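**Q** I am attaching a structure below and will ask some questions about it afterwards.
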Amino acid sequence: MTHRKTLRNELLVGFHILDEEGQNSGIAGHLTARVPDEERLLGHRYGYSFDDVRADDILEAGFDLDTGTEDRVSPSLAFHVSIYRSRADLGAVVHTHGFHALALGAAGEDFRPVYQSALMLWDRVRPYDRYDGIIENHEVGLRMADALGDGSVLALRNHGIIAVGRTIPEAVCAAVIYEENCAIQLAALAGSDLVSLGGPEAEQARAFLSSDRVFAMRWNQLWRNAARTRPFLAEAA
Ligand SMILES: [Zn+2]
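-13 is the number of the first residue of the sequence shown in the working numbering; add one for each residue after it.
Here it is as structure tokens:
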């Protein structure tokens, strides 16, 4: 299988995992993959939500977001390009507006890992408190890339998240785990003072949870779960 074909299959699965995990985000969510060693990316048809996407709706565009056809990707992918340009290590970018991520940010709280799986993001979440309006330009993208630094998630207060990874599974898993942790953190905050995780054990757990083997297992489980009600995903294997 060619590398592009693999990326297209993983993207199709990734869109549906994000939908299955409650991060549909309507017409405003994105998941992209960088085409290795080229100034090009793969994304989805502009105006489609994640659950709408089928194989034919995955489009390739240059970093100028031109697909070379009448099919369009979202102009907001400009900030994905800024992030790819600033981080050579990244192969995928997710942008969603998850319910719990939004609620936690709007409550004035920052992400704190409160369960073991979330330690894959320990010390990898960067805050972004400024609101930039609708983002369709590289200037904002550069500011976001700068704020993300070497992190895995940029928490956009009152907006959503940008989750990144070396691979599509890594970026999607970061988005899923982030949202799960926010849900638990919110529930915990309704009680008393929050007890969260940290320290050397957190670093050890992060190294384990960020390994290729664990990402592969987590990705395959999320894939099987999404494929239960979407038989076309089984064919993406
Ligand atoms: Zn957005």
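Here a beta-carbon is modelled for each residue, glycine too, at the ideal position from N, C-alpha and C. Every value quoted in this text rests on a predicted model; they were computed, and no experiment measured them.
Taking Gly48 as part of the beta strand (DSSP E), name the residues at either end of that continuous run.
**A** Position 62 of the sequence shown, counted from the start, is the residue given in the question as residue 48. Residues 44 to 48.
**Q** Can you confirm whether the stretch 126 to 144 touches the stretch 104 to 115 when touching is taken to mean that 3 or more C-beta pairs between the two stretches lie within less than 8 Å?
**A** The stretch 104 to 115, when compared against the stretch 126 to 144, does touch it at the 8 Å Cβ threshold.
**Q** Would DSSP call Arg192 helix, strand or coil?
**A** Counting from 1 along the sequence shown, the entry for residue 192 is found at position 206. Three-state DSSP puts Arg192 in a helix.
**Q** Grouping DSSP H, G and I as helix and E and B as strand, with all else coil, what is Arg40?
**A** Along the sequence shown, read from residue 1 onward, the residue named residue 40 stands at position 54. Reduced to three states, the DSSP call for Arg40 is coil.
**Q** From Arg73 to Gly54, what distance separates their C-alpha atoms?
**A** Residue numbering aside, residue 73 sits at position 87 when the sequence shown is read from its first letter. Residue numbering aside, residue 54 sits at position 68 when the sequence shown is read from its first letter. About 26 Å.
**Q** Ignore the nearest five residues each way along the sequence and tell me which others in Glu122's own chain have a CB closer than 7 Å to its CB.
**A** Taking the first residue of the sequence shown as 1, we reach residue 122 at position 136. Contacts found: Pro61, Ser62, Ala64.
**Q** His30: beta carbon under 7 Å from a heavy atom of ligand 1?
**A** Numbered from 1 along the sequence shown, position 44 holds the residue referred to as residue 30. For ligand 1, not one heavy atom lies less than 7 Å from the Cβ of His30.
**Q** If Val80 sits next to Val158, beta carbons under 8 Å apart, how far is it from one beta carbon to the other, in whole angstroms?
**A** Residue numbering aside, residue 80 sits at position 94 when the sequence shown is read from its first letter. Residue numbering aside, residue 158 sits at position 172 when the sequence shown is read from its first letter. That pair is a contact at about 6 Å.
**Q** Using 8 Å as the threshold, is the C-beta distance between Ala213 and Ala220 below it?
**A** Position 227 of the sequence shown, counted from the first residue, corresponds to residue 213. Position 234 of the sequence shown, counted from the first residue, corresponds to residue 220. Yes. Within cutoff.
**Q** Pick out whichever of Gly84, Leu45, Gly91, Val59 has its Cα sitting closest to the Cα of Gly33.
**A** The residue given as residue 33 occupies position 47 in the sequence shown. For Gly33, the nearest C-alpha among the options comes from Val59.
**Q** Which stretch, first to last residue, makes up the alpha helix (DSSP H) that contains Val225?
**A** Summary: the structure shown does not reach residue 225, with the chain confined to residues -13 through 223, and so no result is reported for it.
**Q** Which same chain residues, not among the five before or five after Ala149, have their C-beta less than 7 Å away from its C-beta?
**A** One-based indexing of the sequence shown puts residue 149 at position 163. Once the five neighbours on either side are set aside, the close Cβ partners of Ala149 are Val80, Ser138, Val139, Ala157, Ala160, Ala161, Tyr164.
**Q** Alpha carbon to alpha carbon, what distance is there between Val67 and Glu24?
**A** Looking up residue 24 in the sequence shown gives position 38. Looking up residue 67 in the sequence shown gives position 81. Going by the C-alpha atoms only, they are around 12 Å apart.
**Q** Can you grab the Cα-Cα spacing for the pair Glu(-4) / Trp209, in whole Å?
**A** Along the sequence shown, read from residue 1 onward, the residue named residue -4 stands at position 10. Along the sequence shown, read from residue 1 onward, the residue named residue 209 stands at position 223. Their Cα atoms are separated by approximately 10 Å.
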